Amino acid sequence: MSSAVDTPALETLFTRARTHSAWQDTGVSDAQLEEIYNLVRLGPTSANCSPARFLFVRSSEGKARLKPALSSGNVDKTMRAPVTAIVAWDPAFYEHLPALFPYADARAWFTSSPELAQETAFRNSSMQAAYLISACRALGLDTGPMSGFDRQKVDATFFQASGWKSNLLINIGYGDTTKAHTRLPRLAFNDACELA
1 MSSAVDTPAL
11 ETLFTRARTH
21 SAWQDTGVSD
31 AQLEEIYNLV
41 RLGPTSANCS
51 PARFLFVRSS
61 EGKARLKPAL
71 SSGNVDKTMR
81 APVTAIVAWD
91 PAFYEHLPAL
101 FPYADARAWF
111 TSSPELAQET
121 AFRNSSMQAA
131 YLISACRALG
141 LDTGPMSGFD
151 RQKVDATFFQ
161 ASGWKSNLLI
171 NIGYGDTTKA
181 HTRLPRLAFN
191 DACELA
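Per full-length UniProt numbering, the sequence shown starts with residue 1, numbered consecutively.
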């Protein structure tokens, strides 16, 4: 079923894509956000657990609520981004496993071990955040992922009722390529990889 994508697709997803901090004055529609999520949800997670939850902050009121939780270096770019996704994880993600993974009683794996549930939710929501970046790029949008924020403030402000736990933030929009940095160095294969 799998086949290699062509060079333009690789450029869109990886080789020419950049993290953006400056944004064009072009909005992102709710329909686009739904299209993004409909791709993200297809990415694999362990036992199809799908623990990530996404809050798309796009209103001026929402941005004002988010602002006090941001580190100083992330304020301007986040306030100017059309959308900021708060990628969170649901501590009770396993309640959906009877429908998402009907092959076994996967729910019991996590109800008996809160540590395993938390580790699984955090790890898999991080993977789903990466899927979100790829989905945005595939649909012609740019992203700016960030970890510079006060997680407790975000959770208290946005997730009191749901109990979700924030993981990272991703600004979404159309990047201003005139203000994009050149690509920074990356570790070479021999510096980051081993074969066994």
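C-beta atoms are modelled at their ideal positions from N, C-alpha and C, and glycine is treated no differently.
Keep in mind the model is a prediction, meaning the values are calculated, not measured.
Checklist entry - Quick one: Cα of S72 to Cα of R186, how far? => result The residue you call residue 72 lines up with position 72 of the sequence shown. The residue you call residue 186 lines up with position 186 of the sequence shown. Approximately 26 Å, taken between the alpha carbons.
Checklist entry - What's the gap between the Cα of A180 and the Cα of M79? => result Start at 1 with the first residue of the sequence shown, and residue 180 comes out as number 180. Start at 1 with the first residue of the sequence shown, and residue 79 comes out as number 79. If you take the alpha carbons of A180 and M79, they lie about 17 Å apart.
Checklist entry - Is any heavy atom of the ligand GDP found at a distance shorter than 6 Å from the C-beta of F93? => result No copy of the ligand GDP occurs in the structure displayed, which carries no ligand at all.
Next on the checklist: Can you find the residues in the same chain that come closer than 6 Å, C-beta to C-beta, to R58, ignoring five residues on each side of it along the sequence?
Outcome noted: Counted from its first residue, the sequence shown places residue 58 at position 58. V83, listed in sequence order.
Next on the checklist: Determine whether the beta carbon atoms of L100 and N167 lie at a separation below 7 Å.
Outcome noted: Translated into the one-based positions of the sequence shown, residue 100 becomes position 100. Translated into the one-based positions of the sequence shown, residue 167 becomes position 167. No, the Cβ-Cβ distance between L100 and N167 is not below 7 Å.
Next on the checklist: Counting beta carbon pairs with one atom in the segment 60–70 and one in the segment 15–23, are three or more of them shorter than 8 Å?
Outcome noted: no
Checklist entry - Taking C-beta to C-beta, are I172 and P145 nearer than 7 Å? => result Numbered from its first residue, the sequence shown carries residue 172 at position 172. Numbered from its first residue, the sequence shown carries residue 145 at position 145. Not closer than 7 Å, so no.
Checklist entry - If you count every other CB in all the chains shown that lies within 10 Å of the CB of F189, and 16 or more means buried, which is it? => result As a working mapping, residue 189 is identified with position 189 in the sequence shown. Exposed: under 16 other Cβ atoms inside 10 Å.
Checklist entry - Where S92 and T178 are concerned, what is the direct C-alpha to C-alpha distance, given to the nearest angstrom? => result Here residue 92 refers to the residue found at position 92 of the sequence shown. Here residue 178 refers to the residue found at position 178 of the sequence shown. Reading off the sequence shown, one finds Ala at residue 92, where the question assumed Ser. So the two alpha carbons sit approximately 43 Å from each other.
Checklist entry - So what does DSSP say about D150, is it helix, strand or coil? => result Numbered from 1 along the sequence shown, position 150 holds the residue referred to as residue 150. Of the three classes helix, strand and coil, the one that applies to D150 here is coil, per DSSP.
Checklist entry - Is there a Cβ from chain E that is less than 7 Å from the Cβ of H181? => result Absent from the structure: chain E. Only one protein chain is present.
Item to check | Among G27, F54, L13 and R107, the one whose alpha carbon lies nearest that of D155 | outcome: Your numbering for residue 155 matches position 155 in the sequence shown. That would be F54, whose Cα lies nearest to the Cα of D155.
Next on the checklist: Taking 7 Å as the threshold (C-beta atoms), are A104 and F110 in contact?
Outcome noted: Within the sequence shown, residue 110 is the residue found at index 110, counting from 1. Within the sequence shown, residue 104 is the residue found at index 104, counting from 1. Against a cut-off of 7 Å, the Cβ pair of A104 and F110 comes out as no contact.
Checklist entry - When the Cα atoms are used, what is the spatial distance from Q24 to D176? => result Mapped onto the sequence shown, residue 24 falls at position 24. Mapped onto the sequence shown, residue 176 falls at position 176. Near 5 Å, if we compare the C-alpha coordinates of D176 and Q24.
Checklist entry - Cα-Cα, which of A135, S46 and R41 is closest to T12? => result As a working mapping, residue 12 is identified with position 12 in the sequence shown. Checked all of A135, S46 and R41; the closest Cα to T12 is A135.
Checklist entry - CB F56 to CB A85, shorter than 7 Å? => result Within the sequence shown, residue 56 is the residue found at index 56, counting from 1. Within the sequence shown, residue 85 is the residue found at index 85, counting from 1. Yes, they are a contact pair.
Next on the checklist: Going by beta-carbon coordinates alone, are N124 and S60 separated by less than 7 Å?
Outcome noted: Counting from one through the sequence shown, the residue named residue 124 turns up at place 124. Counting from one through the sequence shown, the residue named residue 60 turns up at place 60. For N124 and S60, no; Cβs fall outside 7 Å.
Next on the checklist: Which of the three DSSP states is assigned to W23 in this structure?
Outcome noted: Within the sequence shown, the letter at position 23 stands for residue 23. W23 falls in the strand class under three-state DSSP.
Checklist entry - What are the complete alpha helix (DSSP H) segments, minimum 4 residues, inside the segment 78–104? => result 97–100
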